[in-house]
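Asker: Protein chains in written order, with the UniProt record's numbering: chain A, 1 to 362; chain B, 1 to 362.
Number of protein chains: 2
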Amino acid sequence: MQDFPLDQILCGECIETMRSLPDASIDCIFADPPYNLQLRGELRRPDETVVDGVDDAWDKFADYATYDNFTREWLAEARRLLTKDGTIWVIGSYHNVFRLGAIMQDLGFWILNDIVWRKANPMPNFRGRRFTNAHETLIWAARGPESKYRFNYQAMKALNDDMQMRSDWYLPLCTGNERLRNAHGLKLHPTQKPESLLHRVLIASTVVDDIVLDPFSGSGTTAAMAKRLGRRFIGIERHPDYIEAARARVEAETRLSDDQLAITPAKRELPRIPFGSFVEQGALPAGTELFDRQRRLSATVMPDGSLVSGSHRGSIHKMGAILTNAPSCNGWTFWYFERQGEVLQIDILRTEQAQTPLRNVG
Amino acid sequence: MQDFPLDQILCGECIETMRSLPDASIDCIFADPPYNLQLRGELRRPDETVVDGVDDAWDKFADYATYDNFTREWLAEARRLLTKDGTIWVIGSYHNVFRLGAIMQDLGFWILNDIVWRKANPMPNFRGRRFTNAHETLIWAARGPESKYRFNYQAMKALNDDMQMRSDWYLPLCTGNERLRNAHGLKLHPTQKPESLLHRVLIASTVVDDIVLDPFSGSGTTAAMAKRLGRRFIGIERHPDYIEAARARVEAETRLSDDQLAITPAKRELPRIPFGSFVEQGALPAGTELFDRQRRLSATVMPDGSLVSGSHRGSIHKMGAILTNAPSCNGWTFWYFERQGEVLQIDILRTEQAQTPLRNVG
DNA sequence: CTGCTCTATGAATCGATGC
DNA sequence: CGCATCGATTCATAGAGCA
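1) Using a Cβ-Cβ distance under 8 Å, would residue 135 (chain A) count as near chain B?
2) Return the bridge partner residues of residue 117 (chain A) from the DSSP annotation.
3) Excluding five sequence neighbours on each side, which residues of the same chain lie with their C-beta closer than 8 Å to the C-beta of residue 172 (chain A)?
4) What does a CB cutoff of less than 7 Å around residue 286 (chain B) pick up in its chain, not counting 5 residues either side in sequence?
5) Select from B:19, B:283, B:313 the residue whose C-alpha is nearest the C-alpha of residue 350 (chain B).
6) Over the uninterrupted beta strand (DSSP E) stretch that includes residue 312 (chain B), give me the two end residues.
7) What residue from B:333, B:222, B:310 has the CA that sits closest to residue 199 (chain B)'s CA?
8) Quick check for students: name the residue ranges of the beta strand (DSSP E) that lie wholly in the UniProt domain "RAMA" (263 to 352) of chain A, counting only runs of 3 or more.
9) Report the option in B:111, B:31, B:53, B:28 whose CA atom is closest to the CA atom of residue 39 (chain B).
10) Less than 7 Å between C-beta atoms, sequence neighbours within five positions excluded: which residues of the same chain meet that for residue 165 (chain A)?
11) Within a Cβ cutoff of 6 Å, which residues of the same chain sit near residue 291 (chain A), ignoring the five residues on either side of it in sequence?
12) How many angstroms separate the CA atom of residue 247 (chain B) from the CA atom of residue 114 (chain A)?
13) Residues in the segment 165 to 199 of chain A with C-beta within 8 Å of chain B's C-beta atoms, listed in sequence order?
14) Looking at chain B, which residues of the segment 66 to 86 of chain A have a Cβ within less than 8 Å of any of its Cβ atoms?
15) Hey, how far is the Cα of residue 79 (chain A) from the Cα of residue 50 (chain B)?
16) By the 7 Å beta-carbon criterion, what residues does the segment 102 to 119 of chain B contribute toward chain A?
17) So, residue 110 (chain B) versus residue 215 (chain B), is the Cβ gap smaller than 8 Å?
18) Using only CA atoms, which one of B:83, B:45, B:167 lies nearest to residue 327 (chain A)?
19) Label residue 19 (chain B) either buried or exposed according to how many other C-beta atoms from any shown protein chain fall within 10 Å of its C-beta, with 16 as the threshold for buried.
20) Determine the contact status of residue 12 (chain B) and residue 238 (chain B), defining contact as a CB-CB distance below 8 Å.
21) Which of the three DSSP states, helix, strand or coil, is assigned to residue 55 (chain A)?
22) Which chain B residues sit within Cβ distance under 8 Å of residue 153 (chain A)?
23) Among A:274, A:99, A:318, A:5, which has the Cα closest to the Cα of residue 17 (chain A)?
24) Please work out which residues of its chain come closer than 6 Å, Cβ to Cβ, to residue 323 (chain A), disregarding the five sequence neighbours upstream and downstream, and give them in chain order.
25) Can you look up residue 365 (chain A) in the DSSP assignment and give me helix, strand or coil?
26) Mapping the DSSP letters down to three states, classify residue 157 (chain B) as helix, strand or coil.
27) Would you report the Cα separation of residue 363 (chain A) and residue 345 (chain A), rounded to the nearest angstrom?
28) Quick one: list the residues of chain A neighbouring residue 132 (chain B), beta-carbon separation under 8 Å, in chain order.
29) Against residue 223 (chain A), what residues of chain B qualify as contacts under a CB-to-CB distance less than 8 Å, listed in chain order?
30) Decide if residue 294 (chain A) is buried, meaning its Cβ has at least 16 other Cβ atoms within 10 Å, or exposed.
31) Based on Cα-Cα distance, which residue from A:103, A:217, A:353, A:151 lies nearest to residue 275 (chain A)?
32) Suppose contacts are defined by Cβ-Cβ distances below 8 Å. Is residue 63 (chain A) in contact with residue 103 (chain A) by that definition?
33) Under 7 Å between beta-carbons, which chain A residues line up against residue 125 (chain B)? List them in chain order, please.
34) Locate the alpha helix (DSSP H) running through residue 82 (chain B), then write down its first and last residues.
35) Please state whether the Cβ-Cβ distance between residue 243 (chain B) and residue 213 (chain B) is less than 8 Å.
36) Taking the C-alpha atoms as reference points, what is the distance between residue 139 (chain B) and residue 97 (chain A)?
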């Protein structure tokens, strides 16, 4: 893989260029494919040619078929490039998103969420004939149903005032200084995506040094945000104007420092501390009584870190499950103990330990 | 058309029963087809209670192809039944909505909007493995690109405090007293839709006496709201329990008077929470009498959130101004209503709401 | 009646690791 | 691969119950 084109915007056709990359080499894909259907009363094929004289149903179907074939081809390549546990984001509007989603399912992708980007400042509907088209849809999918995909749950929660991030995101359009412009001061690219959108996508589904591919790179928002957030990137784009602007944009971008890149870690990724170590260290000596929140159940701590209650003996988890007749139980949050007259959840021991330098484990 | 089954819930299979109806006989269709959820195991909340998921036989399909065939068949029938200028609403989630949309396009439907129903109180993601699935999608489509479809633009604008109604709608789930229950106090139907959703759909895309078809009638929300709003309806349902409950529900429903049903071109006004959203959600239902502090003036609430008094019609602000001969008026503090024998300023609705933010924007 | 706490529940594709 | 074990994880509402 010595010639793997990392941190570059490649010039070429999307499908052809993807074919030059090896299997299972990409951690995450963000794709903003052409919509190009039924705009301004004329239909366009993905290659930008105009479909003429289409007002019967057959021609329309023929045109959908052309779009579908193109879509199936690039999505199949995308799936080949993804690692086993990789995920893909595809953005679209009602013109094309239903075709995208159906083809993704047919190819074996496993949809995880559909995300609604609610635009803070959408263009109004000037003729008053429809609802203001105030959103676009992102499809987030794993390579397949068995993928152990990455989702930085705690980071998303932190981004949303410590509440679960929902599937509807309220973000402004890309305007003002963020919008790339040509020499005439006109917008360089018709559909430049806001950096905030890519920020959330990358923070949610990738980690530092992951490789991110954008097969329709355009103005380079994905590449720029990947660089800023310490991810590696590959962009594919065929228009020289866009490539030139995107390369300059990436060049001007600065990678944040490692400190700045740290996100709220998932608890399951923190070092595991066995309950027994607190018994060993005397924080919770053998013989201590534990009880549940309502103080209806109790158990005694044994020297090996197991609990005993009546004729039952087992781990903090197993004993919680047995005594409540539940299939499973998180003992850390189920059991309480008393310290200096205060009733405390045993999970507090792990929290306290994480803050003190005294660490024999992990 | 003498045997045309108006204002009835028909018992039968969806496709077969639709075949018995004549071409071009329906003005508007609302369809809530099976979602093909593909749930695998049991899901528990963090407190170990079990989530009552959708495990009914009607939602199980062998594979995508089977689901697609079913979808293509009923949608083809739906298109045959629609008048030339008729429109259809189809609701779904990411499990099925992409297949619905693509097949609709293939059949010749012309998508007008995709509407996002943002749920005010969705079920959280209990395992922290995805974004909270906090919305469902409605596809609104005309029979074809040449349809001169109906869109009550001014009514929608009036419902949204005189700003264009956007494609993202924020509405609560169907819970509490609105939810139909069986003899055991359990929910009768696993997916009963809120009345506020159908209220907005019908006010947006139909007029009084239009014929509305719901091929998956279920608990009868479409039929009930059609009756209340003076539309004619046909429901199709195959489960006897649902039919029985829906018929009783429709029977108990009252049609609003013609005065209350006239929707209007409204004028201007601004603020944060649209007055109309309280009408939609039933906090201040259409037909409610409002009056001023001294109870000298009064006006009636219309389904689109406007007020009518004598020959005057307008927003809560405009009507306050007109009736007092003032240049302007803050309708929120001018109008009062009665609730459980208590006289309350309508502004209290916003105060109550502030604790549970209900807005279409922001 | 009031105000507070407690409980129930909603269209849900909802583990990871080690033996 | 199967199986056992560890242990991570929830938000908005409505309504009941209680003081």
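In this text, a Cβ means the ideal position worked out from N, Cα and C, and glycines have one as well. Because the structure is a prediction, the values reported are computed rather than measured.
Answerer: According to the structure data:
1) The count along the first sequence starts at 1 and reaches residue 135 (chain A) at position 135. It does: the Cβ of residue 135 (chain A) has a partner Cβ on chain B nearer than 8 Å.
2) Along the first sequence, read from residue 1 onward, the residue named residue 117 (chain A) stands at position 117. Looking at the DSSP assignment, residue 117 (chain A) forms a beta bridge with A:136, A:169.
3) Taking the first sequence and counting its residues from 1, the one referred to as residue 172 (chain A) is at position 172. If we look at residue 172 (chain A) and ignore the five residues flanking it on each side, its Cβ neighbours are 119, 120, 121, 194, 196.
4) Along the second sequence, one-based indexing puts residue 286 (chain B) at 286. By the criterion of a C-beta distance shorter than 7 Å, residue 286 (chain B) is surrounded in its chain by 256, 260, 279, 301, 302, 303, once the five residues flanking it on both sides are discounted.
5) Numbered from its first residue, the second sequence carries residue 350 (chain B) at position 350. Of the listed residues, the one whose Cα sits closest to residue 350 (chain B) is B:283.
6) Sequence index remark: in the second sequence, residue 312 (chain B) carries index 312 (1-based). Per DSSP, residue 312 (chain B) belongs to the beta strand (DSSP E) from 312 to 314.
7) Here the question's residue 199 (chain B) lines up with position 199 in the second sequence. The candidate whose alpha carbon is nearest that of residue 199 (chain B) is B:222.
8) Scanning the UniProt domain "RAMA" (263 to 352) of chain A from its first residue to its last, the whole beta strand (DSSP E) runs of 3-plus residues come out as 289 to 291, 298 to 301, 307 to 309, 312 to 314, 336 to 339, 342 to 345.
9) Looking up residue 39 (chain B) in the second sequence gives position 39. In terms of CA proximity to residue 39 (chain B), B:53 leads the group B:111, B:31, B:53, B:28.
10) As a position in the first sequence, residue 165 (chain A) is number 165, starting the count at 1. Around residue 165 (chain A): 156, 157, 159.
11) Taking the first residue of the first sequence as position 1, residue 291 (chain A) is located at position 291. Taken in chain order, the residues that qualify are 298, 336.
12) Here residue 247 (chain B) corresponds to residue number 247 of the second sequence, with the count starting at 1. Here residue 114 (chain A) corresponds to residue number 114 of the first sequence, with the count starting at 1. Residue 247 (chain B) and residue 114 (chain A) have their C-alpha atoms roughly 35 Å apart.
13) Taken in chain order, the members of the segment 165 to 199 of chain A whose beta-carbon sits within less than 8 Å of a beta-carbon on chain B are 165, 166, 167, 168, 170.
14) Those would be none; no residue qualifies.
15) Counted from its first residue, the first sequence places residue 79 (chain A) at position 79. Counted from its first residue, the second sequence places residue 50 (chain B) at position 50. Taking the straight line joining both Cα atoms gives about 35 Å.
16) Along the segment 102 to 119 of chain B, going in chain order, the ones with a CB nearer than 7 Å to a CB of chain A are 102, 105, 106, 108, 111, 112, 113, 114, 115, 116, 118.
17) Stepping through the second sequence from its first residue, residue 110 (chain B) is reached at position 110. Stepping through the second sequence from its first residue, residue 215 (chain B) is reached at position 215. No. Outside cutoff.
18) Within the first sequence, residue 327 (chain A) is the residue found at index 327, counting from 1. Considering only alpha carbons, the answer is B:45.
19) Here residue 19 (chain B) is taken as the residue at index 19 of the second sequence, counted from 1. When all chains shown are included, residue 19 (chain B) counts as exposed.
20) Stepping through the second sequence from its first residue, residue 12 (chain B) is reached at position 12. Stepping through the second sequence from its first residue, residue 238 (chain B) is reached at position 238. If you check the CB distance, residue 12 (chain B) and residue 238 (chain B) come in under 8 Å.
21) Residue mapping note: residue 55 (chain A) aligns to position 55 of the first sequence, counting from 1. With a pLDDT of 46 at residue 55 (chain A), under the threshold of 50, the predicted position of this residue should be treated as unreliable, though the coordinate-derived value follows. Reduced to three states, the DSSP call for residue 55 (chain A) is coil.
22) On the first sequence, position 153 is the one that residue 153 (chain A) refers to. Contact of residue 153 (chain A) with chain B by beta-carbon distance below 8 Å involves 128, 129.
23) To locate residue 17 (chain A), count along the first sequence from 1; it is residue 17. When C-alpha distances from residue 17 (chain A) are compared across A:274, A:99, A:318, A:5, the shortest belongs to A:5.
24) By 1-based counting over the first sequence, the position of residue 323 (chain A) is 323. 297, listed in sequence order.
25) Limits of chain A in this structure are 1 at one end and 362 at the other, which puts residue 365 (chain A) out of reach.
26) The residue labelled residue 157 (chain B) in the question sits at position 157 within the second sequence. In the structure shown, residue 157 (chain B) adopts helical secondary structure according to DSSP, grouped into three states.
27) Given that chain A is displayed from residue 1 to residue 362, the structure contains no residue 363 (chain A) and the question cannot be resolved.
28) Taking the first residue of the second sequence as position 1, residue 132 (chain B) is located at position 132. What residue 132 (chain B) touches in chain A: 164, 165, 166, 167.
29) Working through the first sequence from its first residue, we reach residue 223 (chain A) at position 223. By Cβ distance, chain B contributes nothing, its closest Cβ being about 24 Å from residue 223 (chain A), past 8 Å.
30) Taking the first residue of the first sequence as 1, we reach residue 294 (chain A) at position 294. It counts as exposed.
31) For this step, residue 275 (chain A) is matched to residue 275 along the first sequence. Among A:103, A:217, A:353, A:151, the Cα nearest to that of residue 275 (chain A) belongs to A:353.
32) What you label residue 63 (chain A) is simply residue 63 of the first sequence in a count that begins at 1. What you label residue 103 (chain A) is simply residue 103 of the first sequence in a count that begins at 1. No, the Cβ-Cβ distance between residue 63 (chain A) and residue 103 (chain A) is not below 8 Å.
33) The residue you call residue 125 (chain B) lines up with position 125 of the second sequence. In chain order: 164.
34) As a working mapping, residue 82 (chain B) is identified with position 82 in the second sequence. Residue range 82 to 92 is occupied by the beta strand (DSSP E) that includes residue 82 (chain B), with no alpha helix (DSSP H) assigned at that position.
35) Position 243 of the second sequence, counting from 1, holds the residue named residue 243 (chain B). Position 213 of the second sequence, counting from 1, holds the residue named residue 213 (chain B). For the pair residue 243 (chain B) and residue 213 (chain B), the CB atoms are not nearer than the 8 Å cut-off.
36) Here residue 139 (chain B) is taken as the residue at index 139 of the second sequence, counted from 1. Here residue 97 (chain A) is taken as the residue at index 97 of the first sequence, counted from 1. Within the model, the alpha-carbon separation for residue 139 (chain B) versus residue 97 (chain A) is close to 12 Å.
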